[in-house]
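If you want our numbering, it's the position in the sequence shown, counting the first as 1, plus 20.
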Amino acid sequence: MTEHIAIVGGGTGGTVLANNLAEELGAELDAGEIAITLFNDGPDHVYKPVWLYVAFGQREPADGRRPLRELVDDRVDIRQDYVYDIHHERRQLELVDAIEPVEYDKLVIATGSQLDPERVPGLVEGGHHFYGEDGAQALRDELLTLEGGHIVLSVVGTPHMCPAAPLEFVFMVDDWLRERGRRDDVDVTYTYPIMRVHGNEHIAEWARPRLEERDIGIETMFNAESVDPDAETITSMEGTELDYDLLVAIPPHTGSDLIETAGLGDGGWVDVDQHTLEATGFEDIYAIGDAAQTGVPKAGSAAHYQANVVGQRIASEVRGQPATAVYGGKTICFIETGMDDATFVEFDYENPPEPSEPTQAMHWSKLAYNESYWLTARGLL
Ligand SMILES: Cc1cc2nc3c(=O)[nH]c(=O)nc-3n(C[C@H](O)[C@H](O)[C@H](O)COP(=O)(O)OP(=O)(O)OC[C@H]3O[C@@H](n4cnc5c(N)ncnc54)[C@H](O)[C@@H]3O)c2cc1C
């Protein structure tokens, strides 16, 4: 009988996993002993890091999109549909556009994060962001016309994708304004919801003096409660009110509704064993990437490493061998520290990040990584 491996989500984690499984289990696929299906609610794979550069006019949204079919091994079936429920006792998936449920033997959830700006009154009307294609384009247009005033970057909720991206934005906007002779006319403030400027204390310690050097105002313990788009103010639960001319807000995030509906975890995040990535309390279900509650940041690099681990584990299980591969928390991140330089961090569950001295070479490495991403997604790097 053919064993069916179902992957829900064709972003970084799901795509790398589909290609990894096709490679690891090529012989079994060719013999018809297994089948792999990748379910995604759209036809394209989206590479989100491009959006940071869209905001500064350096990339277009199309640079971050490729048809999934071009990236995924031909032997993997791609189904464009939204999976809205999982009956784990019967091992079935419910799809929006299919009348019959789909059976699976092994299931991997790779459904990523979604934005939920409606949670903060006034944010949709008053705020801009670079966490989506349209948002990044609208922000680019605002930046181009801003002659003076106050840019407030507010990290409204955590967890959010790429915890370093808000810092990257303020470092980059500082350079961008200086290059245009506008920095003296524009104040920049960065707000963060806890007592430091980043969730990770090592990155926070490294970043704070760099923000201060660049004369970027800092407001910590700022949990945005509401935005008044007419008055152009953002108010925190702690009672601080900031005036803005351009509000760049990292909106609250949530996971896919599927996860709540299927009872796999709260807030759209799947409870997993942080080493095996198995969903807690569910047999033959794994979760990877942003959807998995591992404790590491919601980063594409983490999704990539997790996909490789789950690929090896499933390959072992299919062959009747013990699954020994484990995820040690490995995450890497290039952090732009301006328009022309960047730092790099690598960390895991045991070893904290230690940002290196920013260099121009690291900035070029980040851009090269972004270009070579399409090979990474194909499983070639
Ligand atoms: C501006 C920005 C900059 C970033 N920069 C970096 C960076 O420099 N480095 C880094 O490592 N990470 C970065 N990230 C984070 C990175 O993009 C995410 O962590 C990564 O995409 C997570 O991969 P994933 O596979 O978990 O989810 P995603 O890539 O989000 O893919 C999830 C897919 O599942 C689909 N889906 C969801 N629910 C369902 C369903 N029920 N049925 C069918 N399909 C479904 C979605 O439509 C999507 O296609 C950045 C993110 C942003 C927004």
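C-beta atoms are modelled at their ideal positions from N, C-alpha and C, and glycine is treated no differently.
{"query": "Pair within 9 Å by beta-carbon distance, Ala322 and Gly309", "result": "yes"}
{"query": "Length of the line joining the Cα atoms of His24 and Asp161", "result": "47 Å"}
{"query": "Cβ separation of Gly275 and Gln294, assumed to be a contact under 8 Å, to the nearest whole Å", "result": "Between Gln294 and Gly275 the Cβ distance is about 17 Å, and since that is not below 8 Å, they are no contact."}
{"query": "Sequence ranges, beta strand (DSSP E) only - wholly within the stretch 86-148, length at least 3", "result": "97-100, 103-107, 112-115, 126-129, 133-135"}
{"query": "Under the three-state DSSP convention, the category Asn60 falls into", "result": "strand"}
{"query": "Neighbourhood of Asp93 by C-beta distance below 6 Å, restricted to the same chain and skipping five residues each side", "result": "Asn39, Ala42"}
{"query": "Alpha helix (DSSP H) segments (min. 4 residues) lying fully within the stretch 249-286", "result": "277-281"}
{"query": "Beta-bridge partners of Phe367, as assigned by DSSP", "result": "Thr351"}
{"query": "Any non-hydrogen atom of ligand 1 within 8 Å of Ile305 CB", "result": "no"}
{"query": "Backbone CA spacing between His65 and Gly132 [nearest angstrom]", "result": "12 Å"}
{"query": "Proximity of Gly201 and Trp71 at Cβ, strictly below 9 Å", "result": "no"}
{"query": "Counted within 10 angstroms of its Cβ, other Cβ atoms place Asn371 as buried (16 or more) or exposed", "result": "exposed"}
{"query": "Leu159 and His149 closer than 9 Å at C-beta", "result": "yes"}
{"query": "For Met181, the three-state DSSP class (helix, strand or coil)", "result": "strand"}
{"query": "Opposing strand residues paired with Lys68 [DSSP bridges]", "result": "None; Lys68 has no bridge partner."}
{"query": "Residue of Val247, Thr379, Phe189, Pro375 minimising C-alpha distance to Pro137", "result": "Val247"}
{"query": "Glu169, enclosing beta strand (DSSP E) - first and last residue", "result": "Note that residue 169 is Gly in the sequence shown, not Glu. 169-175 is the extent of the beta strand (DSSP E) around Gly169."}
{"query": "Asp250 classed as buried or exposed, judged by whether at least 16 other C-beta atoms fall within 10 angstroms", "result": "exposed"}
{"query": "Close Cβ partners of Tyr197 (< 6 Å) along its chain, the five nearest in sequence each way excluded", "result": "For clarity, residue 197 is Leu in the given sequence; the question names Tyr instead. Excluding residues within five positions, the ones whose Cβ falls inside 6 Å are Arg203, Val206."}
{"query": "Straight-line Cα distance separating Arg110 from Phe76", "result": "49 Å"}
{"query": "Cα-Cα separation, Glu337 to Ile355", "result": "37 Å"}
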